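In the numbering used here, the protein residues as written are 117 to 208. C-beta: ideal position from N, C-alpha, C; glycine also. Remember, predicted model here, so these are calculated numbers, not experimental data. Just below is one structure, and these are the notes that go with it.
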Amino acid sequence: MPLQVKRIAEAGSLESGDLLVVVAPSEGVSIEVTSSVERQFGDRIRQIVSEVIQSMSVSGVSVKIQDRGALDYVIMARLITALRRSFEDEAA
Numbered sequence: 117m118p119l120q121v122k123r124i125a126e127a128g129s130l131e132s133g134d135l136l137v138v139v140a141p142s143e144g145v146s147i148e149v150t151s152s153v154e155r156q157f158g159d160r161i162r163q164i165v166s167e168v169i170q171s172m173s174v175s176g177v178s179v180k181i182q183d184r185g186a187l188d189y190v191i192m193a194r195l196i197t198a199l200r201r202s203f204e205d206e207a208a
């Protein structure tokens, strides 16, 4: 059964070598990337996001990323953290 994003959640920062990930409920899946290295790595960032969403069986999510040169494992970790936070109730 697909996981549903229940609320807006974020993870990360805008420091060099990091990224800020914001996830929100959505009808479908959308990925928006803003990056200082968009030309070189934008497609790879989107690929990582898509793979994480599929591996976690998430449906109905909008992902917005502001990247500052994060490595692949940082992108994955921040996205997983934001998604897990979005599944929780705010009272938790």
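> Between the Cα of Tyr-189 and the Cα atoms of Gln-120, Gln-163, Ser-175 and Val-138, which residue gives the shortest distance?
Replying inline: Gln-163
> Cα-Cα, which of Ile-196, Val-145, Met-117 and Gln-156 is closest to Arg-184?
Replying inline: Gln-156
> Taking the alpha carbon of Arg-123 as the point to measure from, which residue in Val-177, Arg-160 and Met-192 has its own alpha carbon closest?
Replying inline: Val-177
> Under the three-state reduction of DSSP, which class applies to Gly-158: helix, strand or coil?
Replying inline: helix
>> So, at 7 angstroms on beta carbons, what are the nonlocal neighbours of Met-192 in its own chain, with the 5 sequence-adjacent residues on each side left out?
In response: Ile-164 and Val-168
> Quick one: what does DSSP say Glu-126 is sitting in, helix, strand or coil?
Replying inline: strand
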